[in-house]
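What follows is a short report on a single structure.
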Amino acid sequence: MDIDEDDEDDIVITKRKRTSNGTAAGSKRAKKVKEEPKSARVPKTPKTPKSAAVSKAPKTPKTPKTPKTPKAAKTPSDKVKEETPKEETPDDMGYKWWEAEENDGEQKWETLDHNGVIFPPEYEPLPLHVKLFYNGKPVNLPKEAEEVAGFFGAMLETEHAKNPVFQANFFADFLQVLKECGGCGVEIKEFSKCDFTKMYAHFELLREEKKNMTKDEKKRLKAEKEAFEEPYKTCLLNGRKELVGNFRIEPPGLFRGRGAHPKTGKLKRRVPPESVTLNLGQGAKIPDPPPGHQWGEIRHDNTVTWLAMWKENIADSFKYVRFAASSSIKGQSDFKKFETARNLRNHIEEIRKDYTKLLKSDIMQNRQMATATYLIDIFALRAGGEKGDDEADTVGCCSLRYEHITLKPPNKVIFDFLGKDSIRFYQEVEVDHQVFKNLRIFKKDPKQPGDDLFDRITPSLLNRQFQNYMKGLTAKVFRTYNASKTMQDQIDLIPNEGTVAEKVVKFNAANRTVAILCNHQRTVSRTHNTSVQKINDKLKELIWNKIRLKKMILELEPKLKKKDPKYFNELDDLSKEDEAHIHKIIIERQKEQAFKKLQRDNEKLKAEKMPLLSEDSIKEKLEKIDELKEEYALELKTGKPEIKKSTTVEKLKQQIETIANRISTTTFQLKDKEDNSEVSLGTSKMNYIDPRLTVMFSKKFDVPIEKLFTKTLREKFKWAIESTDADWRF
DNA sequence: CAGCGTACTTAGCACGTACTTT
DNA sequence: AAAGTACGTGCTAAGTACGCTG
Numbered sequence: 001m002d003i004d005e006d007d008e009d010d011i012v013i014t015k016r017k018r019t020s021n022g023t024a025a026g027s028k029r030a031k032k033v034k035e036e037p038k039s040a041r042v043p044k045t046p047k048t049p050k051s052a053a054v055s056k057a058p059k060t061p062k063t064p065k066t067p068k069t070p071k072a073a074k075t076p077s078d079k080v081k082e083e084t085p086k087e088e089t090p091d092d093m094g095y096k097w098w099e100a101e102e103n104d105g106e107q108k109w110e111t112l113d114h115n116g117v118i119f120p121p122e123y124e125p126l127p128l129h130v131k132l133f134y135n136g137k138p139v140n141l142p143k144e145a146e147e148v149a150g151f152f153g154a155m156l157e158t159e160h161a162k163n164p165v166f167q168a169n170f171f172a173d174f175l176q177v178l179k180e181c182g183g184c185g186v187e188i189k190e191f192s193k194c195d196f197t198k199m200y201a202h203f204e205l206l207r208e209e210k211k212n213m214t215k216d217e218k219k220r221l222k223a224e225k226e227a228f229e230e231p232y233k234t235c236l237l238n239g240r241k242e243l244v245g246n247f248r249i250e251p252p253g254l255f256r257g258r259g260a261h262p263k264t265g266k267l268k269r270r271v272p273p274e275s276v277t278l279n280l281g282q283g284a285k286i287p288d289p290p291p292g293h294q295w296g297e298i299r300h301d302n303t304v305t306w307l308a309m310w311k312e313n314i315a316d317s318f319k320y321v322r323f324a325a326s327s328s329i330k331g332q333s334d335f336k337k338f339e340t341a342r343n344l345r346n347h348i349e350e351i352r353k354d355y356t357k358l359l360k361s362d363i364m365q366n367r368q369m370a371t372a373t374y375l376i377d378i379f380a381l382r383a384g385g386e387k388g389d390d391e392a393d394t395v396g397c398c399s400l401r402y403e404h405i406t407l408k409p410p411n412k413v414i415f416d417f418l419g420k421d422s423i424r425f426y427q428e429v430e431v432d433h434q435v436f437k438n439l440r441i442f443k444k445d446p447k448q449p450g451d452d453l454f455d456r457i458t459p460s461l462l463n464r465q466f467q468n469y470m471k472g473l474t475a476k477v478f479r480t481y482n483a484s485k486t487m488q489d490q491i492d493l494i495p496n497e498g499t500v501a502e503k504v505v506k507f508n509a510a511n512r513t514v515a516i517l518c519n520h521q522r523t524v525s526r527t528h529n530t531s532v533q534k535i536n537d538k539l540k541e542l543i544w545n546k547i548r549l550k551k552m553i554l555e556l557e558p559k560l561k562k563k564d565p566k567y568f569n570e571l572d573d574l575s576k577e578d579e580a581h582i583h584k585i586i587i588e589r590q591k592e593q594a595f596k597k598l599q600r601d602n603e604k605l606k607a608e609k610m611p612l613l614s615e616d617s618i619k620e621k622l623e624k625i626d627e628l629k630e631e632y633a634l635e636l637k638t639g640k641p642e643i644k645k646s647t648t649v650e651k652l653k654q655q656i657e658t659i660a661n662r663i664s665t666t667t668f669q670l671k672d673k674e675d676n677s678e679v680s681l682g683t684s685k686m687n688y689i690d691p692r693l694t695v696m697f698s699k700k701f702d703v704p705i706e707k708l709f710t711k712t713l714r715e716k717f718k719w720a721i722e723s724t725d726a727d728w729r730f
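Counting in UniProt numbering, the first sequence tops out at residue 730, every number present.
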């Protein structure tokens, strides 16, 4: 049917045209055949969106409170400020920036000293007997080319190595390197004639050897590594010791792009010191470059926070060596991030009111702006900047295309697209009516698959609008805000009762709501299905056992069935087949156990040089098991389990009770496992949930923080742990 | 403004290790 | 004690954001 064809809301003035490549840019993707996303995960069960207008945030004065540093105690901060560059005790890592004066501005540091970076070890040629085979014959590769071939050889059994794009990119770069170093005497032309299996086997062997090293060897190696890394692990920032994050230059290898990345498999080249730029304080000692080398450049830029940088050859972008997450610099910016997000609560009401109005704007650009804001706010979409043809085809809000949404009147929208990291975003939701109408307009006639839905706006345009409401407000802040707000709301729903373990489970459930909001996924572990199957089997067996015990009760006192029919109404829940299957499993397991025990005993005897036991020794056991088997068979026929003489109804009821408990805990565990199998909690805990919420929960609910934050997270969020109390609110 | 360069946050995966279970 | 599983961390890819330039 023709809904609202005459609705005047649908008439939008198209004021400004997007200049250069309005449609051209859109349709370049159109040609692309939409391959089934490789990482496509099973769509989640449909969700209903939270309604847009449920903000409880009070409409408060618009003057943004400048983020106050989270002062544990607002004490002698002036004092701290006075004694700035003192160089007597540069060793304390316990600097509490959150107790000092805040530092806002362009300049990021006063002095910076560090020892440079660690380079990966030189390539060591393979032993002479390990070769690449071409056309069935071993090839003598120059070491530069051998290294590259080895990269592929080591990955032979991975999914990457089966990917044609990966193969092609690798092969092209391999041939290039081979050419650069003068060839190998044999004309290598076809990838399919290359045989890496000998190389693979060699690497497997090395792995095996490494695994089989004795404990002491491993320990020694680890200690050596520690000692070597020691100087690089820390640096001096304003005279204070701080941890460095990634102090190693990335080793060469084959680029492992995520999703359908056009450049996956390309050679990531070795980074020479000559292409590394160091950033140090003026007058700081310049670390020695590796012997025979020079640093590319030395800078003294105190407006940035990186210690070293190099250009990478895949996307031609920069890689940085930075401070660790627990450093004061990162901590401060993390704190600022959460304060900005928190500040959004003072503006969100107005923002929502405005975009709701603008959804009906006469100006197309405004309508797109309002609609995009709605999607970012309600569904936590990312901004969605433009991407090139040489990157994986993934999208966010502003880069959504025609084919990414399906409209189902009256107001249902199905999102289906690949987001960051080629993670599938699939949601069937109901949206505001005007949003629905707008989306329909954005898909209207000349538009076709491949075209941008939002063809008149960009993330920077959006962000510029956001700044009008609040300093520092950008699209990504909405994700942080909504994530933390959701967490606060979820925590508010948790009753303060039960054991610590129970409270942790509740906390994780709240955490999970946030992770789902942000679409944080993980691949289900390889072993997931089997382990679920195992738990299910266990569960079935428990249920069978329970039913069986109830049947026994009825055998003892048949009239109980009438008295309490509910208690006995599950008696026919298991089919004969299921029952037989369970019998089989039990029998097999018992036999297996008997044999295993025999083996164990024999090993012991062997060690003591005693005569071994033969299989006859467990004959008796096996006979007993066979008896049981027959008993079960009979039981299956009659439906009446055999009863021990000493049994009473009371005892049976007691046993049933125990089993019922086990069933409920196991069921719960199973559900938890399933619910969590493809949701990743870590990302939201680390990046989106204001850590002060977690600390507040810990204190208010009396759950040790160790149960909520790992050691690294405790270090990263030390500022929150030391400055938050039980009644803190986001 | 587009388009690029730069700098910073966010993200999942691989792998080693710690912890449980059998 | 071995095997299986869950957890924690390191690694590095993939985003966002923003200023500058022509």
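Even glycine gets a Cβ: it sits at the ideal position worked out from N, Cα and C.
Can you tell me whether residue i is buried or exposed? The criterion is at least 16 other CB atoms within 10 Å of its CB, across all chains shown.
| i | result |
| --- | --- |
| A201 | exposed |
| R401 | buried |
| T234 | buried |
| residue 733 | No statement about residue 733 is possible, as the shown extent of the chain runs from 1 to 730 and does not include it. |
| R729 | exposed |
| H293 | exposed |
| V304 | exposed |
| S723 | buried |
| A536 | Here the sequence assigns Asn to residue 536, which means Ala is not the residue at that position. Label assigned to N536: exposed. |
| T75 | Unreliable positioning characterises T75 in this predicted model, as indicated by a pLDDT of 38, which lies under 50. A coordinate reading is not provided. |
| K65 | Confidence at K65 is low in this model, with a pLDDT of 38, below 50, so the placement of that residue is unreliable and no value is reported for it. |
| K711 | exposed |
| N212 | exposed |
| S525 | exposed |
First and last residue of the beta strand (DSSP E) that includes residue i?
| i | result |
| --- | --- |
| Y481 | Y481 -> not in any beta strand (DSSP E); alpha helix (DSSP H) instead, spanning A475 to L493. |
| F133 | L132 to Y134 |
| Q427 | R424 to E430 |
| N279 | V276 to N279 |
| E297 | E297 to R299 |
| N196 | As written in the sequence, residue 196 is Phe, which differs from the Asn given in the question. No beta strand (DSSP E) holds F196; DSSP gives it neither H nor E. |
| F717 | From DSSP, F717 is part of no beta strand (DSSP E); its letter is neither H nor E. |
| K412 | K412 to L418 |
| L560 | No beta strand (DSSP E) holds L560; the alpha helix (DSSP H) holding it covers L560 to K563. |
| P138 | K137 to V139 |
| Y320 | F318 to V321 |
Could you check where the alpha helix (DSSP H) with residue i kicks off and where it finishes?
| i | result |
| --- | --- |
| W306 | Per DSSP, W306 belongs to no alpha helix (DSSP H) and is neither H nor E. |
| F152 | K143 to A154 |
| I441 | H433 to F442 |
| I535 | H528 to L556 |
| D672 | V649 to N676 |
| I516 | V500 to L517 |
| I405 | Unbroken run through I405 is the beta strand (DSSP E), I405 to K408; no alpha helix (DSSP H). |
With a CB to CB cut of under 7 Å and the five nearest residues on each side skipped, what residues in its chain are close to residue i?
| i | result |
| --- | --- |
| K263 | N169, F255, G257, I314 and D390 |
| Y95 | R240 and S328 |
| A372 | C397, C398, F454, I457 and L462 |
| L571 | I547, K550 and K551 |
| Y123 | K143 and E147 |
Just to check, is the beta-carbon of residue i closer than 7 Å to a non-hydrogen atom of the ligand SAH?
| i | result |
| --- | --- |
| K319 | The ligand SAH is not part of this structure, which contains no ligands at all. |
Excluding the 5 residues preceding and the 5 following residue i in the sequence, name in chain order all residues of the same chain whose CB lies nearer than 8 Å to its CB.
| i | result |
| --- | --- |
| Y134 | V186, I188, K193, C194 and D195 |
| E557 | V649 |
| residue 737 | Beyond the ends of the chain as shown, which are 1 and 730, falls residue 737; an answer cannot be given. |
| I689 | A483, S484, M487, N511 and V514 |
| D421 | R258, G259 and T394 |
| K700 | N496, A726 and D727 |
Please return the same chain residues whose Cβ sits closer than 6 Å to the Cβ of residue i, not counting the five positions on each side in sequence.
| i | result |
| --- | --- |
| I494 | K506 |
| P641 | R548, K551, M552 and E635 |
Query raised in the report: Counting pairs of Cβ atoms below 8 Å between the region 459-470 and the region 344-355, do you hit three or more?
Result: yes
**Report entry** Contiguous beta strand (DSSP E) assignments of at least 3 residues, all confined to the region 227-264
**Finding:** 234-237 and 240-243
Report task. Spell out a yes or no on whether the region 242-254 and the region 412-423 are touching, meaning 3 or more CB-CB pairs, one atom from each, closer than 8 Å. Result -> no
Query raised in the report: On the three-pair Cβ rule with 8 Å, is the region 620-629 touching the region 582-595?
Result: yes
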